[in-house]
Structures are given as structure tokens and as C-alpha cells.
Amino acid sequence: MQRLCTWGWGILLLLTTASTHADSFRQAPKAMSALRQGAAMERSNPRQAIAHYCNAASLGNPEAYFRIGRLLARGPQGIRSARQANAYLAMAMRLGNQQAARYYNTRVGNAPLGPCGVGGGSGGAPWIQPSTPFDQDSYLARQSMSKQKLAGMIRQAAKRHKVNPQLALAIAIAESNLNSFAVSPKQAQGVMQLIPETQVRFGVTRPFDAEQNIRGAMIYLKWLEKQFGPDWIRISAAYNAGEQAVVRYGGVPPYQETQEYVQRVLYYSGHNQLKEARSAR
1 MQRLCTWGWG ILLLLTTAST HADSFRQAPK AMSALRQGAA MERSNPRQAI AHYCNAASLG
61 NPEAYFRIGR LLARGPQGIR SARQANAYLA MAMRLGNQQA ARYYNTRVGN APLGPCGVGG
121 GSGGAPWIQP STPFDQDSYL ARQSMSKQKL AGMIRQAAKR HKVNPQLALA IAIAESNLNS
181 FAVSPKQAQG VMQLIPETQV RFGVTRPFDA EQNIRGAMIY LKWLEKQFGP DWIRISAAYN
241 AGEQAVVRYG GVPPYQETQE YVQRVLYYSG HNQLKEARSA R
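If you count the sequence shown from 1, position 128 lands on 128 in UniProt numbering, and the numbers rise without skipping.
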């Protein structure tokens, strides 16, 4: 039985690695290198494999989040954590990974997405922003034509609604990685991951229609700007946690998920410093 399980795990790893090969040329070279290093270590040293995958996850790589979640869900007993696994798998799903849903355990909740790696979670350090600046244009140039088309739609819609295109794209990348068919465990849908209540508020009746979904998201972002001014920190926090939470706490709520989300948005927008983001227009 043990031999069969080991064989099955090896086949799963090969299939997962093969499934990402077709998209590898579009991923950042550093992320792909970390994925390869992690894959080589999964059987011999799964903790070290997760460390490599964390390096790729810090660059926003959906496959890395999936692999971490899969190891935490189905790996050796010493590293398993169903709630932690769910946190990484949920993020993988938000970023468009289609395999993560197979491993997501609906019977348990999600741990906070704490410091990347085994043993992270509640009370841990926040998401650590990579030291390399994020260049939206360079990132988009490596994506598929369909994602580049969505990025163009977002930029055009942002200009029409007088929303900063850089911020709008950063939120789209953080939310769905430009996947117009993404669905989160909380039923956020479409390219900019609008939950059903937000869809109703802003007239989105077809959430998987990219044009309509993006229009609704731009109207929502403009509404948030009217509430909070040109403060990208509070706008992105409200987009994630709801405007009432931001009002109640007078800023970013003390939710680890939201705090990490804000940092990701700032990173993807190119505004690495909080002070810089507060005055961005």
C-alpha cells in the first residue's frame, strides 16, 4: 500500500509539472526556476520544496500556491495542515489555477495566509513583498494574448471611469491574475472577482462576461475613491474586506488576509512604499 501511494504521488507530481509546461514561457524565469527546484525536492525534502515554492509564490505564481496547498493537504503527515492547505489552495483558485479545487477541503475553514511555508498562519509575519520592483508592462508582455486583451480592456474601462489604470490592473492581477472565469471559495467571480452582493450593487448580471464584470469593478473602484479619496491603501482594503470594515477600523482592518492583499496590490501597482501609494492618483 505504501509503495502504491508513493507511486501515485510521483505520478501526480509528473502530471502537475507537465500541465504547467505549456505556460512556462509566460512565467517569470525566477518563478519557473523555483518551481523546478521545488519539484525536484518534493519526495526527498517536502519542507525544502515548500520553501522553493514560497519563492515562486512571492512573485504571484498561481502554480506555486497550488503546489504548497497540495503538499500541505496530501503530503507527509509531518507537514499536513488542512486549514493551512485551504488558505494556499484558495489563493491558487483566486489566481486562476484550475486544479486547486480538487484538493480544497470544504469541511474545514481557511487558516490566515501567514508567512509562506510550513508552520505559518495566525500571528505570523505578513506577506513579504519581493525586493525586485514589479513592472506591469513587462509582466503583461509575458502573458497569453487573451490576458493581454483583458488588460487592455481594464485600462480602457479605467480611463472611461476616471480610475487609475495602474491601480485597476494591480487589483485585477491580485484578484484573478486576469482570469475571466475565476471563482473563489466565497463565490467571487470573474476577472476582478466581484462577489454576488457587489454584482447586484453595480449592475453586473453576467459576471463571466469580461466587459460587464470589468465595468462593474470600475464603477465600484470609482465609488470607493469618492468615499476614501485617492488613497490606494484604503481603496484596496475596502475592495477586499468591504468599505464598512475600513470605516469601522479607520484604515486597513486587522485581518491578515486583507493586510497581505493590500501589500500585494501595492506591489503589483509598482508603488512599493505606503506613503507613495497614499498620494497616488
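Heads up, the beta-carbon is just placed ideally off N, CA and C, and yes, glycines get one too. Keep in mind the model is a prediction, meaning the values are calculated, not measured.
Identify every residue that forms a DSSP beta bridge with residue i.
i: Q189; result: V183 and L194
Report yes if the C-beta distance between residue i and residue j is below 8 Å; otherwise report no.
i: A49; j: G38; result: yes
i: A73; j: A87; result: no
i: A101; j: P62; result: no
i: P165; j: G190; result: no
i: Y220; j: T205; result: no
i: A151; j: M218; result: no
i: N213; j: S184; result: no
i: R264; j: V246; result: no
i: Y53; j: A40; result: no
Closest to residue i by C-alpha separation, out of the options, would be which residue?
i: Y267; options: N110, D135, A182 and G69; result: D135
i: G242; options: T205, L140, L194 and G229; result: L194
i: R94; options: A168, P76 and A172; result: A172
i: S176; options: L71, N240, M41 and Q227; result: N240
i: L140; options: K162, L169, R160 and P133; result: L169
i: M145; options: R155, K162, L178 and L167; result: L178
i: K226; options: Q212, Q187 and K162; result: K162
i: A57; options: P230, A174 and G203; result: A174
i: K186; options: S33, P133 and L89; result: L89
i: K222; options: A238, E211 and A64; result: A238
i: Y103; options: I79, W232 and F66; result: F66
i: I68; options: A85, G78 and A31; result: A85
i: D209; options: R201, L224 and M192; result: M192
i: F228; options: G216, E211, R215 and V252; result: V252
i: E257; options: H271, S236 and S33; result: S236
i: H271; options: P133, F202 and R160; result: P133
i: R43; options: N105, D137 and G75; result: G75
i: R160; options: R201, Q148, G203 and E211; result: E211
i: D231; options: S33, L167 and Q148; result: L167
i: Q99; options: L224, G203 and A182; result: A182
i: R29; options: R142, G203 and M153; result: Here residue 29 turns out to be Pro, not Arg, going by the sequence shown. Out of R142, G203 and M153, R142 has the C-alpha closest to the C-alpha of P29.
i: S33; options: A51, N45 and E260; result: A51
Any idea if residue i is buried or exposed, counting beta-carbon neighbours within 10 angstroms, 16 or more meaning buried?
i: S269; result: buried
i: N55; result: buried
i: G250; result: exposed
i: N110; result: buried
i: V108; result: exposed
i: M1; result: Because M1 sits at a pLDDT of 39, beneath the cut-off of 50, its placement in the model cannot be relied upon, and the point is left open.
i: P254; result: exposed
i: N97; result: buried
i: R26; result: In this prediction, R26 scores a pLDDT of 47, lower than 50, which makes its location untrustworthy; no coordinate-derived value is stated.
i: G78; result: exposed
i: V200; result: exposed
i: V262; result: buried
i: D137; result: exposed
i: R70; result: buried
i: R215; result: buried
Using 8 Å as the limit for Cβ to Cβ distance, is residue i near chain C?
i: V246; result: No chain C appears in the structure shown, which is made up of a single protein chain.
Just to confirm the assignment: which complete alpha helix (DSSP H) runs, minimum length 4, are found wholly within the stretch 77-102? Complete alpha helix (DSSP H) runs here, min 4: 82-94.
Runs of 4 residues minimum, wholly inside the UniProt domain "Transglycosylase SLT" (153-256): which ones carry the alpha helix (DSSP H) assignment? 165-176, 196-201, 210-228, 232-241 and 243-249
Mind pulling the alpha helix (DSSP H) runs of 4 or more residues that sit fully within the stretch 28-82? Fully enclosed alpha helix (DSSP H) runs of no fewer than 4 residues occupy 29-41, 46-57 and 62-74 of the stretch 28-82, in order along the chain.
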